[in-house]
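S.K.:
Residue numbers (our numbering): 2 to 483.
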């Protein structure tokens, strides 16, 4: 009977994590709809491309800002209800955005979308952290991060193909799916803080509880953890580069238009290319697993792997931007599926498309080392009741920078258009933003020097709390030291 209960508990945990991963992918699909449909939305609303790009930057910024507040609330209260209502909020916002008749209306409802998405980012992260023990955190977080990439893939593909002639259709479809999946939250397991920490296992098994919650005074403690500032700073630079990458479909739309195709066809083809070029993100599973294995040998491993991956990806990204795209054979009168299949075939039959695919595959494989190990590091150096808030703060840094990279790419490309014709202006603009990956790599290198002590301190605090829960109090550990 005991084994049966354990098996049921394990199955429910797997089910819960799966629901969270699915919803995380839908969240990122919602954001990805905007950039891929920029030209179509601008044409339909009679607005400039830069105006729609500004709305894309706005939703990213609002998501990041709201994540801090959501993370703090989640660290103090039950998290399941927060996630349920937040999911309904972004789904409803997306549905209302689809009814927009002006750029102002689109921006207004997109704020609601971003506010809902912020909860999934920070609160969802803290829940996942409480389900996964440290030794498997990199692998688990790779699926969390991969779900975001898969969401981007879904948003680009569905948005570009279904929205090429009517941008409202994918907005409505994704909103309805999000609302439906939100109901599944009600059937998931409640994540008890600290449940996966080995130092607390004996106390929790004996009926003890982990009752620590974040307090306002704890905010200072977070900055005394020397690794935290480096994990925040890396996002300020990395996301300038990552934020610019959402315009890759637009770059390839330009390349397809330069090859003689109309806007609708170019939008669909660019979306398929943009989606295919994210397939390398599946390597984050290997990167997360590698981080877990090497972390057992040295506590510097996760940060060092991230530094090497980010710096190594730069030349491949740059080469990918500048490679031309010529000689495509895309049917323009046989429907969306024919366009998708022809674009997929071009990766095998067209040397330019094949070269572009290989370059971006390597670039994304290398840069995929970043996400799972960054997630795992935030969990490793922070206590359970601090993780949602710390992730929210780090995500704010990421979001502000990503919004800047996202919002500045189009104006930079427009400025370059005075000297370089499209799509070369976009290629140069995107290449310039890759320079920001260099300080990102340096931040990770610095984090690799501070994280061993921070991880050891967090484990010691948890061990002491586990002993207290069992009534075996030993010498106290200083929980406020940096």
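Backbone N, C-alpha and C define an ideal beta-carbon position, used for all residues, glycine too.
Given the structure is predicted, the values throughout are model-derived calculations rather than measurements.
1. Please state if the CB of residue 123 and the CB of residue 392 are separated by a distance shorter than 8 Å.
2. In angstroms with no decimal places, state the Cα-to-Cα distance between residue 349 and residue 384.
3. Using three-state DSSP, classify residue 209 as helix, strand or coil.
4. If the criterion is Cβ atoms closer than 8 Å, does the pair residue 246 and residue 438 meet it?
5. Could you check whether the segment 423–437 touches the segment 248–262, counting it as contact only if at least three pairs of C-beta atoms, one from each stretch, sit closer than 8 Å?
6. Between the segment 330–340 and the segment 400–419, are three or more C-beta pairs nearer than 8 Å?
7. Please name the residue in 240, 175, 157 and 432 whose C-alpha comes closest to that of residue 39.
8. Pick from 80, 217 and 228: whose alpha carbon is nearest that of residue 455?
9. In angstroms with no decimal places, state the Cα-to-Cα distance between residue 152 and residue 280.
10. Nearest CA to the CA of residue 191: which residue from 453, 361, 125 and 52?
11. With a 10 Å radius around its C-beta and 16 neighbouring C-beta atoms as the bar for buried, classify residue 212 as buried or exposed.
12. How do the segment 43–51 and the segment 176–190 stand: do at least 3 beta-carbon pairs fall below 8 Å, yes or no?
13. Since residue 416 and residue 37 are thought to touch, with beta carbons under 8 Å apart, how far apart are those beta carbons, to the nearest angstrom?
14. Using 8 Å as the threshold, is the C-beta distance between residue 91 and residue 28 below it?
15. With DSSP as the reference, label residue 383 as helix, strand or coil.
16. How about residue 304 and residue 378: are their beta carbons less than 8 Å apart?
17. Could you say if the segment 281–300 and the segment 63–79 meet the contact criterion of at least three C-beta pairs nearer than 8 Å?
18. Residue 326 and residue 66: beta carbons closer than 8 Å?
19. Under 8 Å, do residue 414 and residue 319 count as touching if we go by C-beta distance?
20. Rounding to the nearest angstrom, what Cα-Cα distance links residue 463 and residue 12 in this structure?
M.R.: Inspection of the coordinates gives the following:
1. Taking the chain shown and counting its residues from 1, the one referred to as residue 392 is at position 391. Taking the chain shown and counting its residues from 1, the one referred to as residue 123 is at position 122. A contact, by the Cβ cut-off of 8 Å.
2. Start at 1 with the first residue of the chain shown, and residue 349 comes out as number 348. Start at 1 with the first residue of the chain shown, and residue 384 comes out as number 383. Going from the Cα of residue 349 to the Cα of residue 384 covers about 49 Å.
3. Position 208 of the chain shown holds residue 209. In this structure, residue 209 counts as coil in the three-state DSSP scheme.
4. Translated into the one-based positions of the chain shown, residue 246 becomes position 245. Translated into the one-based positions of the chain shown, residue 438 becomes position 437. At least 8 Å separates the beta-carbon of residue 246 from that of residue 438.
5. For the pair of segments examined, the segment 423–437 was found to touch the segment 248–262: the number of CB pairs separated by less than 8 Å reaches three.
6. Contact check between the segment 330–340 and the segment 400–419: fewer than three CB pairs, one atom from each, fall below 8 Å, which does not count as touching.
7. The sequence position of residue 39 within the chain shown is 38, counting from 1. That would be 157, whose Cα lies nearest to the Cα of residue 39.
8. In the chain shown, counting from the first residue as 1, residue 455 sits at position 454. Nearest to residue 455 by C-alpha distance, out of 80, 217 and 228, is 228.
9. To locate residue 152, count along the chain shown from 1; it is residue 151. To locate residue 280, count along the chain shown from 1; it is residue 279. Each residue's Cα considered, the two are about 11 Å apart.
10. Along the chain shown, read from residue 1 onward, the residue named residue 191 stands at position 190. The candidate whose alpha carbon is nearest that of residue 191 is 125.
11. For this step, residue 212 is matched to residue 211 along the chain shown. When all chains shown are included, residue 212 counts as exposed.
12. No: the two stretches stay apart, fewer than three of their Cβ pairs being nearer than 8 Å.
13. Walking along the chain shown from the start, residue 416 turns up at place 415. Walking along the chain shown from the start, residue 37 turns up at place 36. In fact, because the Cβ distance is near 23 Å, the residues do not count as touching under 8 Å.
14. Residue mapping note: residue 91 aligns to position 90 of the chain shown, counting from 1. Residue mapping note: residue 28 aligns to position 27 of the chain shown, counting from 1. In contact: residue 91 and residue 28 (Cβ atoms closer than 8 Å).
15. If you number the chain shown from 1, residue 383 lands on position 382. Coil at residue 383, not helix or strand.
16. Residue numbering aside, residue 304 sits at position 303 when the chain shown is read from its first letter. Residue numbering aside, residue 378 sits at position 377 when the chain shown is read from its first letter. Yes, Cβ-Cβ distance for residue 304 and residue 378 is below 8 Å.
17. These segments do not touch.
18. Working through the chain shown from its first residue, we reach residue 326 at position 325. Working through the chain shown from its first residue, we reach residue 66 at position 65. Their beta carbons are not under 8 Å apart, which means residue 326 does not touch residue 66 by this criterion.
19. Working through the chain shown from its first residue, we reach residue 414 at position 413. Working through the chain shown from its first residue, we reach residue 319 at position 318. The criterion of a C-beta distance shorter than 8 Å is not satisfied by residue 414 and residue 319.
20. On the chain shown, position 462 is the one that residue 463 refers to. On the chain shown, position 11 is the one that residue 12 refers to. When rounded, the distance between both Cα atoms is 27 Å.
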